[in-house]
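Here the structure is laid out as structure tokens; the discussion comes afterwards.
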Amino acid sequence: MTDLKYTAEHEWIRTEGNVLTVGITAYAADKLGEIVFAELPSAGSSVEAGKVVAEVESTKSVGEVFAPVSGTVTEVNADVVDNPDFINDSPLDKGWLFKIEVEDTSVLDGDEFITVDEYNALIGE
Amino acid sequence: LTDNAVISSRFSPLHQVHVDAGASFTDFAGWQMPVRYSSELEEHHAVRNAAGLFDLSHMAEIIVAGPESAAFLDYALCGKISAIAIGQAKYSLLLSEDGGIIDDVIVYRTHENRYKVVANAGNRFQAAGALAGRSAGFDATVVDESDQFALVAVQGPAARAILEALPGLELPSALADMRYYWSALGTYEGSEVLVARTGYTGEDGFELYVTASQAESLWVNLMAAGSEHGLVPAGLACRDTLRLEAGMPLYGHELTTNILPAQAGLGRVVALKKEGDFVGRAASEVGPPEDARVLVGLVSEGRRAGRAGYPLFAGGADGDAEVGVITSGALSPTLGHPIAMAYVAPQFSEIGTDLFIDVRGKRIPASVTALPFYKRKATE
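Protein sequence lines correspond, in order, to chains W and Y. In this text, residue positions in the first sequence follow the working numbering: the first is 1, and each later residue adds one. In this text, residue positions in the second sequence follow the working numbering: the first is 1001, and each later residue adds one.
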């Protein structure tokens, strides 16, 4: 968990080599309510930082998930399409959404990527 | 994810009870109200199958009293309020001069010359102000007593059994004899309570108006009385999906000052046959233009719901004729598929009409259907 990065858009990013696993935070999942639908990008597709690449919906609202970085989607979590509640129940583990391969992980050194402490301060916890 | 943080400042008299119960809160018309306690889906199903307990203390209670109260309300509201008996309740609308809907209200006749008008929290001041302004010339007073009351609703098939098991509640007659949209004044632990067989969930249920200082005792004792009946505390998230399934309009979504009652399917609520003038009468007699959009229900397949504000298109998946807009929508927890209410051009309002919802750039087929989406099975 030590290498997790967060964004102000309530996403978390885990780095393994050049592959970044992306999900949404427990705080965001809780704010949305019980998630009943998730739409994920296609594996193999190119995504652009800051663009909407996935959507998660509760009965009440829709959350857009932005690509935190530009790259290629290598894998998506098909399990959350069948079990969207994984995003609420296990946001950092079974509720991961997609993996993006980047050429250079130094992109995560940017100011928009924050530590867990900075994220917790952002959400007031 | 986008996050709409809202600063709000008002708290229910039950706020600490909700905090202690682990509720998540949402801003509703400037109030911090429980949006869910644990799971809005479980809360929804509990109301359909057992019972849910709602805190609705944000609702506005406006007391109308005086010898000409009935005549005044006949003038101020679109319904024939003078026709209801003591103990009876009536759904009505507060119209503007041009016939638009300022608020939808429930009027309870509590005494010969005294009525409780319950308005939406977000319209409290508009409703109280309009009523006060319209009372000129009538021997009737209008007093906004919202801050003195708490409102707790027990909704679901077990609601009556739960209230019957509530200690401290004294009513003049048995709850079993109280009909839908009737009410009775009684006491709860010695203080006045208005118990009404009304609600906003499509289930049997009761609403209890008590003084704010009684709210916590009432809530705690209801939870205890309901434990063996499956009662759960229920938040505003499930209240919205429950009322949507029941085809009930929500002010600000299906009802606005720009909508005439006839467009919302509420023409029957406007008592054009009653004698005397009422605010909005002339405009209601003319009615909306022939091409005015009308409220319909929509059903679709899959799990992706149309939401408020999403446009509707006719002419196939590529059609470019926008013919309507969704006002409320959700994946129905009871039915398992998306449902929505929408305003559409009248030529597309017939049941069975195929339309497309533009869900953030993707077209999803939907079909016009009759409201409500869900109707409870008749009991007893």
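A virtual CB, placed ideally from N, CA and C, is assigned to each residue, including glycine. This one's a predicted model, so the numbers in the text were calculated from it and none came from an experiment.
If we call anything under 9 Å between Cβ atoms a contact, is residue i one with residue j?
{"i": "Thr-1241 of chain Y", "j": "Ala-1330 of chain Y", "result": "yes"}
{"i": "Pro-1233 of chain Y", "j": "Tyr-1037 of chain Y", "result": "yes"}
{"i": "Leu-1222 of chain Y", "j": "Val-1154 of chain Y", "result": "yes"}
{"i": "Pro-1372 of chain Y", "j": "Gly-1247 of chain Y", "result": "yes"}
{"i": "Gly-95 of chain W", "j": "Val-107 of chain W", "result": "no"}
{"i": "Gly-1280 of chain Y", "j": "Asp-1098 of chain Y", "result": "yes"}
{"i": "Leu-1131 of chain Y", "j": "Val-1142 of chain Y", "result": "yes"}
{"i": "Tyr-1091 of chain Y", "j": "Tyr-1181 of chain Y", "result": "yes"}
{"i": "Leu-1076 of chain Y", "j": "Ser-1135 of chain Y", "result": "Per the sequence shown, residue 1076 of chain Y should be read as Ala rather than Leu. Yes, Cβ-Cβ distance for Ala-1076 of chain Y and Ser-1135 of chain Y is below 9 Å."}
{"i": "Val-76 of chain W", "j": "Lys-99 of chain W", "result": "yes"}
{"i": "Thr-74 of chain W", "j": "Glu-39 of chain W", "result": "no"}
{"i": "Ala-1215 of chain Y", "j": "Ala-1196 of chain Y", "result": "no"}
{"i": "Ala-1340 of chain Y", "j": "Ile-1351 of chain Y", "result": "no"}
{"i": "Leu-1298 of chain Y", "j": "Gly-1052 of chain Y", "result": "no"}
{"i": "Phe-1054 of chain Y", "j": "Phe-1138 of chain Y", "result": "no"}
Could you check what DSSP says for residue i in three-state terms: helix, strand or coil?
{"i": "Ala-1029 of chain Y", "result": "coil"}
{"i": "His-1044 of chain Y", "result": "helix"}
{"i": "His-1058 of chain Y", "result": "coil"}
{"i": "Gln-1155 of chain Y", "result": "strand"}
{"i": "Gly-1267 of chain Y", "result": "helix"}
{"i": "Pro-1233 of chain Y", "result": "strand"}
{"i": "Tyr-119 of chain W", "result": "helix"}
{"i": "Thr-1334 of chain Y", "result": "coil"}
{"i": "Ser-1039 of chain Y", "result": "coil"}
{"i": "Glu-1068 of chain Y", "result": "coil"}
{"i": "Trp-1219 of chain Y", "result": "helix"}
{"i": "Ile-1086 of chain Y", "result": "coil"}
{"i": "Leu-1076 of chain Y", "result": "Before going on, a small fix: residue 1076 of chain Y reads as Ala here, not Leu. Correct three-state label for Ala-1076 of chain Y: helix."}
{"i": "Thr-1256 of chain Y", "result": "coil"}
{"i": "Phe-1278 of chain Y", "result": "coil"}
{"i": "Leu-1208 of chain Y", "result": "strand"}
{"i": "Asp-1358 of chain Y", "result": "strand"}
{"i": "Thr-1369 of chain Y", "result": "strand"}
{"i": "Thr-1002 of chain Y", "result": "With a pLDDT of 43 at Thr-1002 of chain Y, under the threshold of 50, the modelled position of this residue cannot be trusted; read the value that follows with caution. Coil at Thr-1002 of chain Y, not helix or strand."}
{"i": "Val-1017 of chain Y", "result": "helix"}
{"i": "Pro-91 of chain W", "result": "coil"}
{"i": "Val-1294 of chain Y", "result": "strand"}
{"i": "Arg-1239 of chain Y", "result": "helix"}
{"i": "Ile-1351 of chain Y", "result": "coil"}
{"i": "Gly-1186 of chain Y", "result": "strand"}
{"i": "Leu-1175 of chain Y", "result": "helix"}
{"i": "Glu-1380 of chain Y", "result": "Per-residue confidence for Glu-1380 of chain Y stands at a pLDDT of 47, beneath the threshold of 50, marking its modelled position as unreliable; no derived number is given."}
{"i": "Val-1286 of chain Y", "result": "helix"}
{"i": "Glu-1170 of chain Y", "result": "strand"}
{"i": "Ser-106 of chain W", "result": "helix"}
Measure how close the beta-carbons of residue i and residue j come, nearest whole angstrom, since I'm counting them as under 8 Å.
{"i": "Glu-34 of chain W", "j": "Asp-85 of chain W", "result": "7 Å"}
{"i": "Glu-1245 of chain Y", "j": "Ser-1332 of chain Y", "result": "6 Å"}
{"i": "Asp-1358 of chain Y", "j": "Pro-1311 of chain Y", "result": "5 Å"}
{"i": "Ile-1102 of chain Y", "j": "Thr-1198 of chain Y", "result": "That pair is no contact at about 21 Å."}
{"i": "Ile-1062 of chain Y", "j": "Ala-1127 of chain Y", "result": "6 Å"}
{"i": "Ser-1328 of chain Y", "j": "Glu-1254 of chain Y", "result": "7 Å"}
Quick one: residues in its chain with C-beta nearer than 7 Å to the C-beta of residue i, no 5 flanking neighbours on either side, listed in chain order?
{"i": "Leu-1175 of chain Y", "result": "Arg-1160, Leu-1163, Glu-1164"}
{"i": "Val-62 of chain W", "result": "Glu-55"}
{"i": "Ala-1121 of chain Y", "result": "Phe-1028, Ala-1029, Trp-1031, His-1058, Met-1059, Ala-1060"}
{"i": "Leu-1272 of chain Y", "result": "Ser-1284, Glu-1285"}
{"i": "Thr-1257 of chain Y", "result": "Ser-1096, Gly-1100, Ile-1101, Ile-1102"}
{"i": "Val-1006 of chain Y", "result": "At Val-1006 of chain Y, the pLDDT of 48 sits below 50, so the modelled position is not reliable and the matter cannot be decided from this model."}
{"i": "Ser-70 of chain W", "result": "Val-47, Glu-48, Ala-49"}
{"i": "Ile-1259 of chain Y", "result": "Gly-1100, Ile-1101"}
{"i": "Val-1019 of chain Y", "result": "none"}
{"i": "Ser-1191 of chain Y", "result": "Val-1210, Thr-1211, Gln-1214"}
Ordered along the chain, which non-local residues of its own chain (more than five positions away) have a Cβ less than 6 Å from that of residue i?
{"i": "Ser-46 of chain W", "result": "Thr-72"}
{"i": "Gly-1309 of chain Y", "result": "none"}
{"i": "Met-1 of chain W", "result": "Below a pLDDT of 50, predicted positions are generally treated as unreliable, and Met-1 of chain W, at 44, falls in that range; the measurement from the model is reported next regardless. If we look at Met-1 of chain W and ignore the five residues flanking it on each side, it has no Cβ neighbours."}
{"i": "Ala-29 of chain W", "result": "Ile-87, Asn-88, Pro-91"}
{"i": "Arg-1303 of chain Y", "result": "Leu-1331"}
Please list, in chain order, all residues of the same chain as residue i whose beta carbon is under 8 Å from its beta carbon, the five residues on each side excluded.
{"i": "Glu-118 of chain W", "result": "Tyr-6"}
{"i": "Asn-1004 of chain Y", "result": "At Asn-1004 of chain Y, the pLDDT of 47 sits below 50, so the modelled position is not reliable and the matter cannot be decided from this model."}
{"i": "Ser-58 of chain W", "result": "Leu-32, Gly-33, Glu-34, Ile-35, Val-36"}
{"i": "Phe-1011 of chain Y", "result": "Trp-1031, Gln-1032"}
{"i": "Glu-1043 of chain Y", "result": "Arg-1036, Tyr-1037, Gly-1052, Val-1232, Pro-1233, Ala-1234, Gly-1235, Ala-1237, Cys-1238"}
{"i": "Asp-109 of chain W", "result": "none"}
{"i": "Thr-1002 of chain Y", "result": "Residue confidence for Thr-1002 of chain Y is low, a pLDDT of 43 falling below 50, so the modelled location carries little weight and cannot support an answer."}
What runs of the alpha helix (DSSP H), each 4 residues or longer, lie entirely inside the segment 6-88 of chain W?
Correct list: 26-32, 78-82.
For the segment 1299-1323 of chain Y, which segments carrying the beta strand (DSSP E) assignment without a break, of at least 3 residues, lie completely within its bounds, in sequence order?
Counting only runs of 3 or more, we get 1311-1314.
My parser needs the beta strand (DSSP E) runs of 3 or more residues fully inside the segment 1095-1163 of chain Y; what are they?
Listed in chain order, they are 1101-1111, 1114-1119, 1141-1144, 1149-1155.
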